[in-house]
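Here the structure is laid out as structure tokens; the discussion comes afterwards.
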Amino acid sequence: MDEPEGTRRKLVETKQRWAREGRLLTGQAAPPEQRLPPGQRLVTDWPVLDLGIQPEIRREDFRLSVDGLVERPITLDWTWLSELDPASRLNDIHCVTQWSRFNNRWDGVAVETLLDLVRPKSQAGFVSLGASDGYTTNLTLEDFARSDNILAHSWEGAPLTRQHGGPVRLVVPHLYFWKSPKWLKRITFLAQNEPGFWEERGYHDRGDPWMEERYG
Ligand SMILES: Nc1nc2c(c(=O)[nH]1)N[C@H]1C(S)=C(S)[C@@H](COP(=O)(O)O)O[C@H]1N2
Ligand SMILES: [Mo]
């Protein structure tokens with residue numbers, strides 16, 4: 003490979019790495035042409051996408067089991083969740099069906115806080131996420147542990163609606179939105195990767211929007 007080609011590839015790799023690390027998501031100051039991943043179009047409404055079952059779960063009935071390869075398996079209920087360190091995140095949504103929505107304000111508990119509580123064992127390399135509608139998805143522990151990620155119970159200052167996954171959903175903003183399960187009820191730490199609902203149906207195992215990892 004000649005010199006300019008190598009230099010260009012390095013630049014592309016670096017920019018892709020920045021994107022993966024959220025470096026281009028600098029909040030309101032970043033121009034849209036940098037924030038919008040390839041093939042995405044911006045919306046200002048918030049579409050609802052799911053398998054068609056939208057379970058109605060009252061906050062007092064909320065349970066989230068965290069199990070598998072952790073030092074301390076737990077089942078969080080609403081009271082316990084409310085007592086954990088509160089966290090807020092401002093981030094962008096990118097759905098694989100090509101809509102993106104900027105500047106979503108979430109309140110909840112940072113995934114980092116949950117990890118401190120359960121302490122994954124050294125053999126844990128993956129998580130499997132389960133939801134009350136039967137939906138599942140998977141992440142590497144590295145993608146799950148990102149500081150941007152939040153267990154969200156509120157959006158724009160109001161409780162997350164049932165359609166959008168209330169009482170609690172996971173938000174993983176650096177990947178396509180199918181990696182962000184609504185009505186979250188189970189997080190299992192695993193040594194092996196366990197593909198979820200869409201991952202078993204032709205979607206990419208990781209789903210990085212800036213790499214256009216739509217299909218696998
Ligand atoms: N439990 C559950 N979570 C889910 C889904 C689902 O069908 N069930 N769909 C995923 C997909 S494909 C998308 S794009 C987003 C949509 O979230 P929204 O309806 O809040 O926009 O939820 C993701 N999380
Ligand atoms: Mo989606």
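Its first residue numbered 3, the sequence shown is counted upward by one per residue in our numbering.
Even glycine gets a Cβ: it sits at the ideal position worked out from N, Cα and C.
Being a predicted model, the structure only gives us computed values, none of them experimental.
Shortest gap from the CB of Tyr137 to any heavy atom of ligand 1: under 7 Å. Contact residues of ligand 2 (beta-carbon closer than 6 Å to any heavy atom; chain order) are Leu51, Cys97, Val98, Thr99, Phe179, Trp180.
Glu202 and Glu73 have their C-alpha atoms roughly 29 Å apart.
Assigned with DSSP and collapsed to three states, Lys184 falls in coil, not helix or strand.
Of the candidates Phe179, Trp108, Gln56, Leu71, Trp108 places its Cα closest to the Cα of Pro161. Per DSSP, the beta-bridge partners of Tyr217 are Tyr205. Rounded to the nearest angstrom, the Cβ distance from Leu141 to Lys181 is 6 Å, consistent with a contact under 8 Å. A Cβ-Cβ contact shorter than 8 Å links Gly110 with Leu153. Comparing alpha carbon positions, the residue from Gly54, Tyr217, Ile189 closest to Val68 is Ile189.
Annotation for Ser149: no alpha helix (DSSP H) segment contains it, and DSSP assigns it neither H nor E. With a cutoff of 7 Å, Leu44 does not count as near ligand 1, since its C-beta is closer than that to no heavy atom of the ligand.
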